[in-house]
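Colleague:
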Amino acid sequence: MVPKKILITGSNGFIGGALVRFLINATNANVIGISKGECRTGSNPRFQYEDIDISHKEAVKFIVNQTQPDVIVHCAAISQVDECEKYPEKCSKINVEGTKNLVEAAQGIDAKFIFLSSDFVFDGKEKWNSNKIKPIPISVYGKSKLKAEKVVETESKNYAIIRPVLVYGFSPSARRNNIFYWAYQSMKNDVPIRVVNDQFRTPTFVDDVIQLIVSIINKNASGAYNIGGSTRLSVYDFVVQIAKISKIPMGLVNESSSKNVVNANLRPLNSCFDNFKIIKDFEFTPLSTHEGIERALEQVNQSQNME
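Take 17 as the starting number for the sequence shown in this note's numbering and just add one per residue.
#1: Of all the alpha helix (DSSP H) runs that stay within the bounds of the region 205-286, which reach a length of 4 or more residues?
#2: Do three or more CB pairs link the region 280-293 to the region 208-217 at distances below 8 Å?
#3: Classify residue 126 as buried or exposed, calling it buried when 16 or more other Cβ atoms lie within 10 Å of its own Cβ.
#4: Leaving out five residues on either side along the sequence, give the residues of the same chain with a beta carbon under 8 Å from the beta carbon of residue 53.
#5: Grab the span of the alpha helix (DSSP H) containing residue 35 for me, first residue to last.
#6: May I ask which residues mark the beginning and end of the alpha helix (DSSP H) holding residue 117?
#7: So what's residue 90 in DSSP terms, helix, strand or just coil?
#8: Here's the rule: buried if 16 or more other CB atoms are within 10 angstroms of the residue's CB, otherwise exposed. What is residue 206?
#9: From which residue to which residue does the beta strand (DSSP E) around residue 67 run?
#10: Would you say residue 241 and residue 294 are within 7 Å of each other, going by their C-beta atoms?
#11: Taking Cβ positions, are residue 151 and residue 137 nearer each other than 7 Å?
#12: In whole angstroms, what is the alpha-carbon distance linking residue 244 and residue 139?
#13: Going by CA-CA distance only, name the one from 161, 104, 154 and 198 that's closest to residue 116.
#14: For the region 93-103 against the region 31-45, are there 3 or more C-beta pairs whose distance is under 8 Å?
#15: With distances taken from CA atoms, which of 88, 279, 305 and 298 is nearest residue 102?
#16: Would you tell me roughly how many angstroms separate the C-alpha atoms of residue 306 and residue 235, rounded to the nearest one?
#17: Using a threshold of 7 Å, state whether the C-beta atoms of residue 70 and residue 114 are closer than that.
#18: So the alpha helix (DSSP H) residue 296 belongs to, where does it begin and stop?
#19: Please work out which residues of its chain come closer than 8 Å, Cβ to Cβ, to residue 163, disregarding the five sequence neighbours upstream and downstream, and give them in chain order.
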């Protein structure tokens, strides 16, 4: 499948922005980005940006019908767990209703639909999660993403679902820092942070998520795909690795049990994926934590050199 047009929701965000930059630099596709506020992903003759709230059904239908994309990659969401708990209706409006609006619009023009879900659809009781484990979310955010998955599964004829774990890297445009850049900047500037040592993840370098999206598009693959990095470790040990590889003193990093962190119970203790289906279907293995952090640091250095 060689798409001529790809529409990306959440193009101002971390994954959406990274996908826009990749497609513009590495493919010949025309890219349409929709997000809230002013465009933060730069300008290019092959990139069109629209400020759109995906919960507005008619606005979504209009831009999809106007641009006629071959593929829609849905990255937009309210992903802050605590915010979703505090404002469940707002969470549902964007994460569920917004997804439904996009799916319906995609169906109207027979576009491929790729949905970025979350590892938070699982309860974290299993040490390793495979595609065979049944999703059981424990937070409002996780429940909203699972509801959105069901909308995609039942109402889309040609779809794929991606569930990434703790995606990290560097973004020159995203407003919210991911855990890598948050920890890196905090340690570099001697800002005190607290990091849990009993929640385990397989942190995913952002370029691996992009590679999975592109692989799904190229093969016109369908179904649900879990993706995590190739290393299982605690969130605290992930920060330790960032410090070691970047050669920055850990300084004011405080190791803590999740019992001492507000709302930690809303986050799965284990979010670790085996990647079996990705390796089988696409013959690529996500990077190890060490490799991913090195690549993320390269992204930081490249951005600083351009300033």
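Where is the CB? At the ideal position from N, CA and C, for every residue including glycine. Please read all numbers here as calculations on a predicted model, not as lab measurements.
Modeller: Judging by the given coordinates:
#1: 222-235 and 251-262
#2: yes
#3: exposed
#4: 28 and 67
#5: 30-42
#6: 114-125
#7: strand
#8: exposed
#9: 63-67
#10: yes
#11: yes
#12: 16 Å
#13: 161
#14: no
#15: 279
#16: 29 Å
#17: yes
#18: 292-298
#19: 108, 111 and 112
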